[in-house]
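Residue numbers (my numbering), protein chains in the order written: chain B, 1 to 504; chain E, 505 to 1008. Here a beta-carbon is modelled for each residue, glycine too, at the ideal position from N, C-alpha and C. All figures in this text were calculated on a predicted structure; none of them were measured in a lab. The structure appears below as structure tokens.
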């Protein structure tokens, strides 16, 4: 069908230009000389304009109309591609350019103000700008919910990151998480209160950490070093992964006194990168050939970080390599002490430093706040108070200041409302994937203990990566596990793992 | 005038997108993982297509028509902007988008094949890809010569790099160069035949060379290190400079046993970078706010490299700093020996390592080959043989293999036919600029000896950089020096310098 080929040709241009945009953005985060900021902002804003023009070209609307009339002639994959383009097209064409421009203007102001407010612990400085960002996000979501036919405002925001999910589904699973994670975290903290993990803050020169990082990617099968590498590692302030199929790059921030931070950042970002590289190669340059959702993406990064990287088996395998890289200097403890140190559970203030057990609690705080904010149960000005109350209730800690509290994350300043739940959904999906993988490969951890990671990555590839965006996340998870969304497997996994490790 | 503002708004978009293209291209040369080649080629080809569409939008034609009817209402700068857009528009509208796409796709393939062929001394591997690039270049030039009304194919190629110049003008000046440089090179080689410069190949660790490189850019006033830097240094196979005003980057290749190579690469590329950064700031984002030509560009890089960097005064100033960076290890010779070593004249195989005297002879070889290739006097398959014959005749040396012969440069793989002459034109312009600068600042070298480089850079900035593209290169040179193109000042300069240095 000619119309289909024409649509895919246009979509390929859109995707290739998007990948060029990612390179320009990557350059901004990595190597741009400081004076180049204004030019970079011109480049990024222009590329976004061109992408918007491409995506809203009326020719696309005509092609979609024609293809939808002839739906029966399309294969399942073709139908999916048409569906995905329709979804984007309707949304992009319905949002007034004026609103896009107002959001484009407000976002850098909110971000800049947030940075200053965070640096000076001054919530009142940020509040009016956040208020504007909330109102603009609401304005956009009100249009999007119409277009998508979603009756609830915050559900429509969630749908942008996790197609098809609702806040009531999330509330149900997150309540279960909370009910079992809060006591588990307490038990872990109690059991480890005398444990000395201070050896982890030994100074490891950055040059050695770079070698460890490259080795970790190689162990996972994410190639950043060979003559045929499709990946690389660069150093930034806030780590991220970016790229498309054959060119997917991760980033890291090294701290001399915290090699564990780099190890887990590398394992996490490598999980993202492997997903992007292993998407179905037949679908390259088509709409279906992208990641299924933010939650599924996060499940892949958290699988390599936690299920693999924090398993006693992986740590036992990797410990001699760490010693080799540091000429025996690190770690100067036995296997069991090392494993415990890398799996210390301790309620803390900062989400991105949280352990495997308490992490989801940080997310639940943010989810409940977003949900209540967009159903007018709380106001922007109440955010610090609500934040602090929830941290006290769920994590049992007092928030000493807003810098380490409500001001810690960049997401809200960027207008990314609905994004946070993806992180905990990633954990929930991982529990479900792990349960199924154990059935398929009961001995998987024995392989990991020998450094055989490929079978695990291949399982993820064959079950998750290769499906790309063929299914909505809930459908994908059901295909893989046979189950609907449930936090139970994840909770069973963490309870079993941590009670064994800390002996309660 | 509304039409003028509209035209400039469109042109700004074109320039900003061009700067984004440069970043994507820079990424290709610096950090792209090897597997990303095909995606990169899609990105570059698409961006070129979009630039082509922007540049050939019929609205531009209408605006140009309207502005040309109302020429009298325009200022001189506005007239120049309209002229420059007209020139590009007429050319671009005649080149089919399909040809642009084919060139955009072939170029990375030719480049990648060239890299492999050079590494393995395998001309036959490269030949078929070069053949394709030659044919595509010819196809484009045949259209361009029609549009520009230039009767000769190769003259039209030259015009792309040096607006208005002809191969007969170049032949005339290059013949003069050859006539005086060949005997000068011989005398220098004879006078220095017992001179021992082996101390130059002392091993200097790359990390120290990186520090020297950063220091050299700082000495020249090209900032690659501060919190407000608009420049940076990266490492590549074949050094180049890229960027626009506030973000201009240079590249270098370090050799452990040849610190002089890095020193002169840095001085050379910094000259390019200073030119790009010092273009008239009032003309940013407009057509006139770009470099005048490739030859003028090369005059600026060769001025910092040779007129400044190879002067006895600069070397006397810089020697103690080199010693400091190497803890006194390099160079372990007196000023006079160091100056002579850095000004050794010796016919050699590699253009980019050539000295100030023989350099132009390398260019003359390439110019004659290009001229004869595009007038069908020689074929692509004959290139290695012709190359070797000319090296024997002009430089008196035998070429042992193609890696050190016809495969050494990237230009032809990139389709840059007509580019090479710019390098020797740069030398010729420099002779003319130097003659004038000496009249304006007779004591300039006394300043250089004290490390005061700013007055020289400012002279270049006030006389050359700030004029940007306001004039064609011949007109610019005439404005600065009062003279038409002549190789004599350059020849007088090198003869005087080298006869004094080597005592003949």
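Asked                                                                                                                                                                                              : Found
Starting from residue 559(E), trace the alpha helix (DSSP H) both ways and give me its first and last residue.                                                                                     : 541-559
Could you tell me if residue 70(B) is buried or exposed, where buried requires 16 or more neighbouring beta carbons within 10 angstroms of its beta carbon?                                        : exposed
Could you check how far apart the C-beta atoms of residue 749(E) and residue 781(E) are, in whole angstroms? I think they sit under 8 Å.                                                           : 6 Å
Residues of chain B with CB under 8 Å from residue 528(E), in chain order?                                                                                                                         : 20, 23 and 24
Please report the straight-line C-alpha distance between residue 86(B) and residue 64(B), rounded to a whole angstrom.                                                                             : 7 Å
Which same chain residues, not among the five before or five after residue 460(B), have their C-beta less than 7 Å away from its C-beta?                                                           : 300 and 303
Along the region 39-52 of chain B, where does the CB come closer than 9 Å to a CB of chain E? Name the residues.                                                                                   : 39, 40, 42, 43, 44, 45, 46, 47, 49 and 50
By the three-class DSSP mapping on this structure, what secondary structure does residue 247(B) have?                                                                                              : strand
Considering only residues of the region 444-501 of chain B, which uninterrupted alpha helix (DSSP H) runs meet the minimum length of 4 residues and lie entirely inside it, listed in chain order? : 444-449, 454-463 and 473-481
In angstroms, rounded to a whole number, what distance separates the CA positions of residue 605(E) and residue 560(E)?                                                                            : 15 Å
By the criterion of Cβ-Cβ separation under 7 Å, what are the contact partners of residue 517(E) in chain A?                                                                                        : Of the protein chains in the structure, B and E, none is chain A.
What residue from 13(B), 49(B), 27(B) and 58(B) has the CA that sits closest to residue 543(E)'s CA?                                                                                               : 13(B)
Can you list the residues of chain B that residue 718(E) reaches, using a CB-CB cut of under 8 Å?                                                                                                  : Near residue 718(E) there are no residues of chain B at all, since even the closest Cβ is about 13 Å away, more than 8 Å.
Which whole-angstrom value describes the C-beta separation of residue 834(E) and residue 763(E), a residue pair presumed to lie in contact below a C-beta threshold of 8 Å?                        : 7 Å
What are the partner residues of residue 738(E), as DSSP defines its beta bridges?                                                                                                                 : 755(E)
Taking 8 Å as the CB-CB cut-off, is residue 35(B) touching chain E?                                                                                                                                : yes
Using beta carbons (cut-off 8 Å, strictly below), is residue 751(E) in contact with chain B?                                                                                                       : yes
Could you give the first and the last residue of the continuous alpha helix (DSSP H) run that contains residue 110(B)?                                                                             : 97-119
Tell me whether residue 745(E) sits in a helix, a strand or coil according to DSSP, three-state version.                                                                                           : strand
Using a Cβ-Cβ cutoff of less than 7 Å, which residues in the same chain neighbour residue 525(B) once the five nearest sequence positions on both sides are dropped?                               : For chain B, the structure presents residues 1 to 504; residue 525(B) sits outside this window and is missing.
Where does residue 219(B) sit, in a helix, a strand or coil, going by DSSP?                                                                                                                        : helix
Which chain E residues sit within Cβ distance under 7 Å of residue 335(B)?                                                                                                                         : Chain E residues near residue 335(B): none, gap ~35 Å exceeds 7 Å.
Does residue 202(B) come out as helix, strand or coil in the three-state DSSP assignment?                                                                                                          : coil
Going along chain E, which residues have a C-beta under 8 Å from residue 232(B)?                                                                                                                   : 535 and 537
With 8 Å as the threshold, decide whether the Cβ of residue 693(E) is near any Cβ in chain B.                                                                                                      : no
Quick check on the DSSP output: the alpha helix (DSSP H) that includes residue 911(E) runs from which residue to which?                                                                            : No alpha helix (DSSP H) contains residue 911(E), which DSSP labels as neither H nor E.
For residue 731(E), return the contacting residues in chain B, with the cut-off set at a CB-CB distance below 9 Å.                                                                                 : 34
On the three-pair Cβ rule with 8 Å, is the region 526-543 of chain E touching the region 488-501 of chain B?                                                                                       : no
Within the chosen definition, does the region 909-919 of chain E reach the region 614-630 of chain E through at least 3 CB pairs nearer than 8 Å?                                                  : yes
Is residue 427(B) buried or exposed, if buried means 16 or more other CB atoms sit within 10 Å of its CB?                                                                                          : buried
Round the Cβ separation of residue 11(B) and residue 286(B) to the nearest angstrom and send it over; I've been treating them as touching at under 8 Å.                                            : 6 Å
Where does residue 342(B) sit, in a helix, a strand or coil, going by DSSP?                                                                                                                        : helix
Determine the burial state of residue 421(B): buried for a count of at least 16 other Cβ atoms within 10 Å of its Cβ, exposed for fewer.                                                           : buried
Does any C-beta atom of chain B lie closer than 8 Å to the C-beta of residue 521(E)?                                                                                                               : yes
Suppose you measure from the CA of residue 23(B) to the CA of residue 73(B); what does that come to, to the nearest Å?                                                                             : 37 Å
Which of the three DSSP states, helix, strand or coil, is assigned to residue 510(B)?                                                                                                              : Lying before the first or after the last residue shown, residue 510(B) is absent from chain B, which here runs from 1 to 504.
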